[in-house]
Structure formats: structure tokens, C-alpha cells
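Taken in order, these protein sequences are the chains called A and B. Residue 1 is where the first sequence starts when you use the working numbering, and the numbers rise one by one after that. Residue 1001 is where the second sequence starts when you use the working numbering, and the numbers rise one by one after that.
Number of protein chains: 2
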Amino acid sequence: MPQLEHFDHYVRFFKVLGEPQRLKIVGLLAQSPHTVEQIAKTLKIGVSTVSHHLSRLSDAGLVSAKAESYYSIYRLNSEALRDMARTLLRQTEKPTVAGAENPDAFERKVLATFTESDGRIKAFPTQEKKYLVLVRHVLTAFEPGVHYTEKRLNQILANYNEDTARLRRSLVEYHYMAREGGGGKYWRIDTPASADTSGAD
Amino acid sequence: MPQLEHFDHYVRFFKVLGEPQRLKIVGLLAQSPHTVEQIAKTLKIGVSTVSHHLSRLSDAGLVSAKAESYYSIYRLNSEALRDMARTLLRQTEKPTVAGAENPDAFERKVLATFTESDGRIKAFPTQEKKYLVLVRHVLTAFEPGVHYTEKRLNQILANYNEDTARLRRSLVEYHYMAREGGGGKYWRIDTPASADTSGAD
DNA sequence: GAACTATTTCGATAAATATAGAAATAGTTC
DNA sequence: GAACTATTTCTATATTTATCGAAATAGTTC
């Protein structure tokens, strides 16, 4: 299990912000610190409700309170928002191919139908869904982080099918591999694992 | 009303991602396009449930579908995630002071207690909550977007209290004003309005 | 066009939770 | 310490919604 213990934290973060009143509270706190009563009056909802929302925001690490005389002054933790925003940006820059190494029933079926026992591709399916299975199958022949010359790439692709140009084009088209502008170097642009998808139960 | 018509969109975005199964689906689609059935099998939930989730993800602009033979192949809209991440980053860089011009009951009371009728500050409250009201009160004397020399800043602050150094320090400390490193220029670092807080009802 | 396939829609149910009022708590002021 | 204040906790209720099975739909294959 990779960095997946953060999954629950992500869910909490989004769920907490996915409620109109709470998002408004965050908006208020983004402008300046507030007390519970101030928020309740501005939003025209009960204090106990506000307290409840602040408690959930606090659980998610989005706000923090500070006692001051009678009042609890709540502040926004801008860092929490910033961190999540950066995490999201990082994620969107790295497509992945997880699941390629333990195929489900459908993928097994497609591989059984369209590849030889040694892995060579017998024929290309027209359905994109099936074709993608084969592209990912070919991708497993390449190491993440390694740069391949086009010549070496073609040698490896030739183990799968004589139409190496087609395979090369598909790998790039589906963003499984990147190509350097000039020198003709290729490399995998995925990562071992992105967000949690392995499951909870 | 500023750019607040996006409020509902923000809520939908966060709410949609704040559900474990949907977040897992996003994780799957971040790796590769999937059909409804594939997702259902991987997550061990019913197809109709997956279809429902995909529908909500689609409403939020997070995924898009493409018909292909029997199947609907769903893809992640990475741009939607990227855009939101960038919006969040932008927001966290701009604290604001909205609400300073129409004070609520509490702020009125504080201002009545601690300022003269001409706006001068009679005394400084020790409670931070009340002190903040005065800091924001002083801030209204400055125009957004205008750069002030320290000399001019002190002239204006002197209209509120002789302890101009304290006021200047507080304005910077609470991030209502920024100071340029060398030349001693000051300016408001807020914006007219950030996320929606004005209200939906 | 008939048979078939994946997906979507519909209807119903169970679980999660936003909300508010009342009671309890923690802390301040005099 | 007594009176007071804001906040939190508790209890209950109403709303939202995740989930599934069945029926309806849209599209493909032969």
C-alpha cells in the first residue's frame, strides 16, 4: 500500500468543503478571523449549527480556534488549502497505468484473444476499449524513469508486433509515453501509484 | 455581486469529490479510461450506482464520456482538477477585508466604545477580537491598489491615533497591508471580494 | 429487423447529516 | 464566588443521497 493512508483525509477535506454553509464560512474566515456568533449572524443560521460546522472544518485541519476572553476566535488555515491545491496540481501532472500488472477478467479475456502465449499481438481490435488493454500490455515492457532511443524502442516493440510505428504512435497518443522534441528519446510518463484506488473493504 | 455565480459550481465540485466511491472512481480514471462495468467490478458495487456517480462527476465537469461500440468510455477531465487547484492557490494568496464597510452590531458597538465621533481611536482594547475591528476600521482609510510611502502612511494613521507605529505594525501583522522590502512602500493586499460569502437565500 | 449488450432511468430503502433548541460546559468579570 | 457570556454537547427531526434491483433505453451485431 503506497501513500494511500491519506485517502480518508482527502475525502474529509472535499466533503467538508462540499457544503454551502461551510464553504461560506471558509469565505468569511478567508477575509478575517471571526467568532461563532458573528458567523451565525452573518449567515443567519443557529450558533449550534455554526459550531458544528466549525468542528468539522477543524477536523479537516482547515480552521483553528484560539480562546480570547469570552470568545473563540476562528481562523482559516490557508496552508491546508494551499497544500491540497498543490497536491492536486501534482496529481494532474502524472497520469498512471496502475492495474496493468494484475489484469481483471475483461483484460485477461482481451489478452487471451488478441495475444499469443509469448505476449505477441495477433491482431488489433477495433474497439478502443480493447485496444487500450493491448497498449497497456505493451507498456509493461518499459521501465519507468528509463529513456529509450527510438531505435531501442522499436526493437522492444517488435517483440509484440511488426507494426512498431502503430504501437509507438499509440503509446504517445494515449499519453503513456512522452517523446523529446529533438533527439528522439522516449520514456514512460506514469508513476507507480497516484491517489488511492485499491479499496477500503 | 462579483464573480460569485461560481459559488454553486465550487460546492458541486467539492461535494462530488467528497464521496469515497467517487473519489476512487476519479483515481481509476486518472490512470486510464474505463467503462462503467469495469469500474463496478473493480469497486465491487452495482453498475447503476456507478452510472449515478459518473453522472454526478459529469455534472461537475470532472469526467466526460465517449460512445464506443457497446461501451461508454469515461475519461477524467484533468483540466477541471487543474483549474480548481489553481483557483485555490490564487485565493489563498489574497486575504480580503470585506464587511469592513457595513459593520454588524458587534463592530458598531466596538467602534462606538473605542473611537470618537470623528473616527479617532480613544483607546486600544486588549481583546484581539475587538482590536481587529479597529485595525479594519483604520484600513478603510487606504485605497486598494495605491502605494503609500511610509511618511504618507504615518500622516494618515495619525488621524486615528498618535501611536502610528503600533497601527502600522498591526496592519502588516494581520496581513491587511504589505511592505516592500527596500523603499518603504505600503499597500493594501486585499481584493474587493474573494469567494462568495454574501449568501444564497 | 431480431437478438443482444452496456448503460441509464426509475422506484424504493437505508444511511448520513444539516439544522435548531435545550442543557451542559468553560471561562470572564466584578 | 456569584452572575454572566459564548461556546459546545446533546437530542431529535427533516433533508439529502448512496445504493440496489428492475425496467427502459440506446446502440451494435449478424
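For every residue, glycine included, the Cβ atom is placed at its ideal position computed from N, Cα and C. Computed from a prediction, not measured in an experiment: that's the story for all the values here.
Less than 7 Å divides the Cβ of L28 of chain A from the Cβ of I39 of chain A. Taking CB atoms only, A1158 of chain B has no neighbour in chain A less than 7 Å away. When DSSP states are grouped into helix, strand and coil, E1019 of chain B belongs to the coil group.
In the same chain as Y1131 of chain B, and ignoring 5 residues on each side of it, the C-beta atoms closer than 8 Å to its own belong to F1124, P1125, S1170, in chain order. Within the stretch 115 to 158 of chain A, the complete alpha helix (DSSP H) segments of 4 residues or longer fall at 128 to 139, 150 to 157, listed in chain order. The beta carbons of L1054 of chain B and Y1074 of chain B sit closer together than 7 Å. With a threshold of 7 Å between beta carbons, V1011 of chain B makes contact with chain A.
The C-beta separation of L1167 of chain B from N1161 of chain B comes to about 6 Å, placing the pair in contact by the 8 Å criterion. CA-to-CA, the gap between A1112 of chain B and R1120 of chain B works out to about 11 Å. The Cβ of Y71 of chain A sits closer than 7 Å to at least one Cβ of chain B.
In this structure, T1087 of chain B lies away from L81 of chain A, with their beta-carbon atoms at least 7 Å apart. Residue range 1164 to 1173 is occupied by the alpha helix (DSSP H) that includes E1173 of chain B, with no beta strand (DSSP E) assigned at that position.
Taking C-beta separations shorter than 6 Å and ignoring five residues to either side along the sequence, the partners of F1142 of chain B in its chain run R1188, following chain order.
Under the three-state reduction of DSSP output, S1048 of chain B falls in the helix class. With a contact defined as Cβ atoms closer than 8 Å, F1106 of chain B and L1134 of chain B miss out at about 13 Å. Under the three-state reduction of DSSP, Y1074 of chain B is assigned to strand. Using a Cβ distance threshold of 7 Å, H1147 of chain B and K1185 of chain B count as a contacting pair. Selection B:Y1010, B:L1139, B:F1014 evaluated against Y10 of chain A yields B:F1014 as nearest (Cα-Cα).
Straight-line measurement puts the Cα of S1032 of chain B at about 25 Å from the Cα of T149 of chain A. With respect to G18 of chain A, G1018 of chain B sits close: the two C-beta atoms are nearer than 7 Å. Leaving aside the five residues that flank A30 of chain A on each side, the residues in its chain whose CB is nearer than 6 Å to its CB run, in chain order, L76. Taking 8 Å as the upper bound for CB-CB distance, K1129 of chain B and E68 of chain A are in contact here, some 6 Å apart. Between the alpha carbons of D1008 of chain B and S64 of chain A lies a distance of about 25 Å.
Annotation: the continuous beta strand (DSSP E) that includes A1067 of chain B extends over 1063 to 1068. Beta-bridge partners assigned by DSSP to R188 of chain A: A:M177.
For the pair E116 of chain A and V110 of chain A, the Cα-to-Cα distance works out to about 11 Å. Residue nearest to H1052 of chain B within the set B:K1151, B:V1016, B:L1139, B:M1177 is B:V1016 (criterion: CA-CA distance).
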